[in-house]
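Residue numbers (the working numbering): 458 to 702. The next block holds one structure in the form of structure tokens; read it before the comments.
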Amino acid sequence: MRKYGEWGNLSGEENPVHLEQVIRLPGQQYDKESGLYYNRHRYYNPGQGRYITQDSIGLSGGLNPYTYPLNPVVNIDPLGLVNINLFPENQYIHDIADHITIPGVFTVGVHGSPLYVEDASGNPVDVKKLADMIRKDRNYRKGKPIKLISCNTAKGGEGSFASQLAKELNVNVTGPDTLWSVWWENDNSGIPQMDSVLTAPTDSQPWTRGHPTVLDEKDRGNWVTFGPDGNEISSVKSELRSPQR
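As structure tokens, this is what we get:
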């Protein structure tokens with residue numbers, strides 16, 4: 458049995474048969490010569506709670522390319538590599554967005570509005586700046602469709618942020634025309650249970666409606682997709698979904 462500190466450092470071990478075990482938290486591999494943890498894309502120092510190698514996605518993961526999640530109990534980075542996620546790391550929504558994977562689609566998690574989005578510090582990010590971040594991301598390929606996991610980025614139709622981003626990148630871009638709401642249930646320690654999380658574009662707000670099983674039709678939003686010319690090409694009514702499926 459092994460015990461770990463909150464930053465992944467080995468703090469105790471019961472190993473009566475003296476078997477060598479190199480796996481560390483969270484799924485990292487211990488390098489005996491350096492004392493560091495190998496994380497596929499970079500090396501992590503558990504004593505400092507910091508990576509010693511820059512994040513290969515650059516500033517897309519945050520302004521400090523060496524940082525480890527500010528809440529390691531909730532936020533994880535099992536590969537040492539994540540997609541663009543501009544939600545603040547101290548918000549549970551950051552970890553929830555990290556669990557959203559759509560094959561063949563480049564997803565961006567970000568606080569949004571009809572005209573702009575925000576970085577992790579709450580500063581406005583315009584269409585050209587986000588487009589530049591997407592182009593520079595190692596996981597993005599030219600022509601790949603984009604989905605904005607955000608609030609209101611498709612609100613306003615062809616003048617919306619999602620529409621303008623589609624024109625800027627010359628690709629299909631999808632976003633919600635309402636709030637993007639998130640519900641979850643906590644365990645006994647107050648930590649969100651990931652398997653309880655539900656999300657949907659809707660103006661039904663979690664803190665007023667509780668944990669829903671169906672959406673109120675009057676508040677139900679749409680996932681709106683804009684083509685490379687910025688014109689709307691589809692609108693799909695929202696459904697409650699788990700980010701893990």
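Don't be surprised by glycine CBs; every beta carbon is placed ideally from N, CA and C.
**Message:** Could you pull the DSSP bridge partners for Val630 from this structure?
**Reply:** Position 173 of the sequence shown holds residue 630. Beta-bridge pairing links Val630 to Ile603 and Phe683.
**Request:** For the alpha helix (DSSP H) holding Tyr500, just list the boundary residues, first then last.
**Result:** Locating residue 500 in the sequence shown gives position 43, where the first residue counts as 1. Run containing Tyr500: none in the alpha helix (DSSP H); it sits in the beta strand (DSSP E), Tyr500 to Asn502.
**Item:** Endpoints, alpha helix (DSSP H) assigned at Ala554
**Value:** Counted from its first residue, the sequence shown places residue 554 at position 97. Segment Tyr549 to Asp555, the alpha helix (DSSP H) holding Ala554.
**Gly678 burial status per 10 Å Cβ neighbour count (16 or more: buried)** = As a working mapping, residue 678 is identified with position 221 in the sequence shown. Gly678 should be labelled buried.
**Request:** Report the option in Asp555, Asn596 and Ala623 whose CA atom is closest to the CA atom of Thr682.
**Result:** Counting from one through the sequence shown, the residue named residue 682 turns up at place 225. The candidate whose alpha carbon is nearest that of Thr682 is Ala623.
**Prompt:** With 16 as the cutoff for other CB atoms within 10 Å, does Asn645 come out buried or exposed?
**Reply:** Your numbering for residue 645 matches position 188 in the sequence shown. Flag for Asn645 reads exposed.
**Request:** Starting from Lys586, trace the alpha helix (DSSP H) both ways and give me its first and last residue.
**Result:** If you number the sequence shown from 1, residue 586 lands on position 129. Val584 to Lys593 is the extent of the alpha helix (DSSP H) around Lys586.
**Prompt:** Opposite Leu636 in the DSSP bridges: which residues?
**Reply:** Here residue 636 refers to the residue found at position 179 when the sequence shown is read from its first residue. Paired residues: none, contrary to the question.
**Message:** Quick check: what's the CA-CA separation for Ala554 versus Leu636?
**Reply:** The residue given as residue 554 occupies position 97 in the sequence shown. The residue given as residue 636 occupies position 179 in the sequence shown. Roughly 15 Å between the two C-alpha positions.
**Item:** Three CB pairs or more closer than 8 Å across the segment 553-567 and the segment 604-616
**Value:** yes
**Asked** Rounded to the nearest angstrom, how far is the Cβ of Glu689 from that of Gly614, given a contact under 8 Å?
**Response** Sequence index remark: in the sequence shown, residue 689 carries index 232 (1-based). Sequence index remark: in the sequence shown, residue 614 carries index 157 (1-based). Rounded, the Cβ-Cβ distance is 6 Å, consistent with contact.
**Asked** Is Ser617 buried or exposed, if buried means 16 or more other CB atoms sit within 10 Å of its CB?
**Response** Locating residue 617 in the sequence shown gives position 160, where the first residue counts as 1. It is buried - the Cβ of Ser617 has at least 16 other Cβ atoms within 10 Å.
**Message:** Quick test of your reading: Ser661 and Ser638, contact by CB under 8 Å. State the CB separation rounded to the nearest angstrom.
**Reply:** As a position in the sequence shown, residue 661 is number 204, starting the count at 1. As a position in the sequence shown, residue 638 is number 181, starting the count at 1. That pair is a contact at about 6 Å.
**Message:** In this structure, how does DSSP classify Gln706 when only helix, strand and coil are distinguished?
**Reply:** One cannot answer for residue 706 here, as it falls past the ends of the chain, which runs 458 to 702.
**Asked** Run through DSSP, which three-state label would Ser653 get?
**Response** Taking the sequence shown and counting its residues from 1, one reaches residue 653 at position 196. Helix at Ser653.
**Message:** Under 7 Å: does the beta carbon of Tyr549 sit that close to some heavy atom of the ligand HEM?
**Reply:** Summarising the ligand content, the structure contains no ligands, and the ligand HEM is consequently not present.
**Asked** Sorted by chain position, which residues of the same chain lie with C-beta nearer than 6 Å to His568's C-beta, five sequence neighbours on each side aside?
**Response** Within the sequence shown, numbered from 1, the residue matching residue 568 stands at position 111. Closer than 6 Å at the Cβ level, and outside the excluded window around His568, lie Glu575.
**Request:** Just confirm the distance between the C-beta atoms of Thr659 and Leu672, as a whole number of angstroms; I'd bet it's less than 8 Å.
**Result:** The residue given as residue 659 occupies position 202 in the sequence shown. The residue given as residue 672 occupies position 215 in the sequence shown. Yes, they are in contact, since the Cβ atoms of Thr659 and Leu672 sit about 5 Å apart, within 8 Å.
**Prompt:** In three-state DSSP terms, what is Lys694?
**Reply:** Indexing the sequence shown from 1 puts residue 694 at position 237. DSSP places Lys694 in strand when its eight states are reduced to three.
**Request:** With DSSP collapsed to three states, give me the class of Gly561.
**Result:** One-based indexing of the sequence shown puts residue 561 at position 104. Coil, per DSSP.
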